[in-house]
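The opening residue of the sequence shown carries number 10 in the working numbering; numbering runs sequentially from there.
Backbone N, C-alpha and C fix where the C-beta goes; we use that ideal spot for every residue, glycine too.
Written below as structure tokens is the structure these notes are about.
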Amino acid sequence: MQHLSPLLKKENSTLAQILRFSLYGLHTSLTKALAEINDDPGASDCSELIKELNYLLEENSESEGKEELISPSDTQSSEQDVSEQIIQPEPSQPVPEPESSSVSTTDELLLEPLRKDFLSDQDLLSYLAYLEPVELKSTNDSDLWNEVQRLLLRVPEKLAKEKREHFLDIAKGAGAKPDYEQLMSNIPFSSSKILYPGLSDKVQASGLQLSAEVLSGEVKREGDLYFLAGVVSTYLELINIDPSLHHVLESVYSFGIKSFHSEPEQQDKYITALIDRFQRAQKAEGNPDPTLTLQTRLDLDEAIHSLVYLPPADRYSWWGKLQQQARRTLRSVADQARNAGYNVQIRYLWGRYSEVCDHSKNDLELDRGGSPGDVLACLRVYAKINEEVFPGRVLYRSSE
């Protein structure tokens, strides 16, 4: 690692920023894997590698100077906008290794009643089923708990809250206790919020939380761009832990939807494009030409909304609300261009496809999800700057 540290310490380096993103993603993936596969022959070497990554990332953070912790408000509701402050977190300590009772074959799962309950819940399945019936593929309790909880992030938050409490009751019946501190995996974000708890006692499983920590990076700790940096960081973490994600970013692949699980090279290409678009938006900030700033932000917004599930997450789910909050940041840059004398129009493409298709181009059709003829996801907004038109792009359900 003799060449890693010097590169990480380079100021104003795009390559250094890409390396930091990659190392944080690697640290998170290895920490999670070690917690769940502690009997692997490579566990000891993996543990030592995590320690080396901890040292490397902490050393780099210290060289940039410590900043004060941001204390998130405990009263912030899920309806409020996510606050604008994050790029990269300090590496968290590895989640404690689960006891052997949490790693078992499907026949021995203590949470098997939870699996059966989930797969018989038609309210949930109506939001999640696509070409085939929903399956829970986990073969141990820890993975099953996390698989179910990640699926709940894609359904309306009101329903997700109700089902999360119900599934926690089932886990308690199996001898598990909710854990909100020791077994939590951290996702870098601008405020602290528990997405779902971990489990301890007879069943051990990691939980997941958004975590505001001491951060490093070149983006000022304020404003919409800082919030968007947090969204990008969060995306990189979620891509590492959720194999169900796909992308539809047209500049990477023009002809359809690509699964990260079945085509890992598409994941790499999407991540590269996402980081590149964020960096171009970062460089354009404060440009004398406000339309240039607006165009780079439109490109970044498209990349953010082109990370999707099949079927797409509900607009009122945690996932859907995060994307909506990111899109609302377009308003301020559009207003700046208007105040500079430009005629700017931005239209979000939702509702019936027949009513928005004149404002979109190269749309993608699905035969599942939502209602026939509806827009399922607005991948790119329609924009017009003076006389120049930038068509939108959508995922829509075919008419029956």
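With distances taken between CB atoms, is the gap from residue i to residue j smaller than 8 Å?
| i | j | result |
| --- | --- | --- |
| G382 | Y357 | no |
| A420 | V157 | Nothing can be reported for residue 420: it is not among the residues displayed for the chain, which extend from 10 to 409. |
| L153 | L118 | yes |
| L404 | L375 | yes |
| D310 | R347 | no |
| L140 | R377 | yes |
| A392 | Q354 | yes |
| D251 | G216 | no |
| L234 | E294 | yes |
| H314 | Q291 | no |
| L35 | L16 | no |
| V241 | F269 | no |
| Q218 | I196 | yes |
| D132 | L177 | no |
| W359 | E166 | no |
| A180 | L120 | yes |
In the DSSP assignment, find the alpha helix (DSSP H) that holds residue i and state where it starts and stops.
| i | result |
| --- | --- |
| K172 | E166 to G182 |
| K125 | E121 to L128 |
| I248 | G232 to I250 |
| Q333 | W327 to R337 |
| Q191 | From DSSP, Q191 is part of no alpha helix (DSSP H); its letter is neither H nor E. |
| Y136 | Q131 to L137 |
| S471 | Because the chain is modelled from 10 through 409, residue 471 falls outside the range shown and cannot be assessed. |
Can you tell me where the beta strand (DSSP E) holding residue i begins and where it ends?
| i | result |
| --- | --- |
| A312 | Where A312 is concerned, there is no enclosing beta strand (DSSP E), although the alpha helix (DSSP H) it sits in stretches over P299 to H314. |
| Y405 | R402 to R406 |
| R389 | V384 to R389 |
| R356 | V353 to R356 |
| I203 | K202 to Y205 |
| E3 | Outside the displayed range of the chain (10 to 409) lies residue 3, so it cannot be described from this structure. |
| K186 | A185 to D188 |
Helix, strand or coil for residue i? Go by DSSP, reduced to three states.
| i | result |
| --- | --- |
| P197 | strand |
| A290 | helix |
| L373 | strand |
| V212 | coil |
| V445 | Within the shown structure, residues of the chain are numbered from 10 to 409, placing residue 445 beyond reach of any answer. |
| K270 | First, the amino acid is wrong: residue 270 is His here, not Lys. H270 falls in the coil class under three-state DSSP. |
| L258 | coil |
| D90 | Confidence at D90 is low in this model, with a pLDDT of 34, below 50, so the placement of that residue should be treated as unreliable; the coordinate-derived value is given next. It is coil, neither helix nor strand. |
| S363 | helix |
| E99 | At E99 the pLDDT is 42, less than 50, meaning the model places this residue with poor confidence and gives no usable figure here. |
| S56 | helix |
| K393 | strand |
| S31 | helix |
| V145 | Here the sequence assigns Leu to residue 145, which means Val is not the residue at that position. Residue state, collapsed to three classes: coil. |
| L219 | strand |
| V104 | Low per-residue confidence applies at V104: pLDDT is 46, beneath 50, and the placement is therefore not dependable, though the value from the model is reported in the following sentence. In this structure, V104 counts as coil in the three-state DSSP scheme. |
| L13 | helix |
Determine the closest residue to residue i out of the options, with distance taken between C-alpha atoms.
| i | options | result |
| --- | --- | --- |
| G350 | I394, Q131, E259 and D367 | I394 |
| F127 | Y139, V143 and E117 | V143 |
| L43 | S194, L134 and K125 | S194 |
| S199 | F176, T243 and K170 | T243 |
| G265 | A322, L388 and L219 | L388 |
| S220 | G239, E231 and L208 | G239 |
| D446 | R289, G379 and W328 | What the structure shows of the chain is the stretch from 10 to 409, and residue 446 is not part of that stretch, so it cannot be assessed. |
| L162 | A392, V365, G207 and Y318 | Y318 |
| A183 | D150, N155 and L204 | D150 |
| L32 | P206, E190 and E246 | E246 |
| D323 | E409, A138, Q191 and L58 | A138 |
| D344 | E190, F269 and L303 | L303 |
| L28 | G207, K292 and L13 | L13 |
| K170 | P321, P15, E231 and I203 | I203 |
| V164 | Y325, H175 and L120 | Y325 |
| G379 | L120, F176 and P320 | P320 |
| S260 | S407, N371 and C55 | N371 |
| G329 | Y136, C55, K60 and D132 | Y136 |
| N352 | V390, V398, S369 and G51 | V398 |
| S341 | D130, S263, R306 and D49 | R306 |
| L134 | T148, L160 and P400 | L160 |
| S263 | E409, T40, R402 and E57 | R402 |
Segment contact, 8 Å Cβ cut-off, at least three pairs: the region 245 to 262 with the region 280 to 297: yes
- prompt: Can we say the region 265 to 277 touches the region 293 to 306, given the rule of at least three CB pairs closer than 8 Å?
  reply: no
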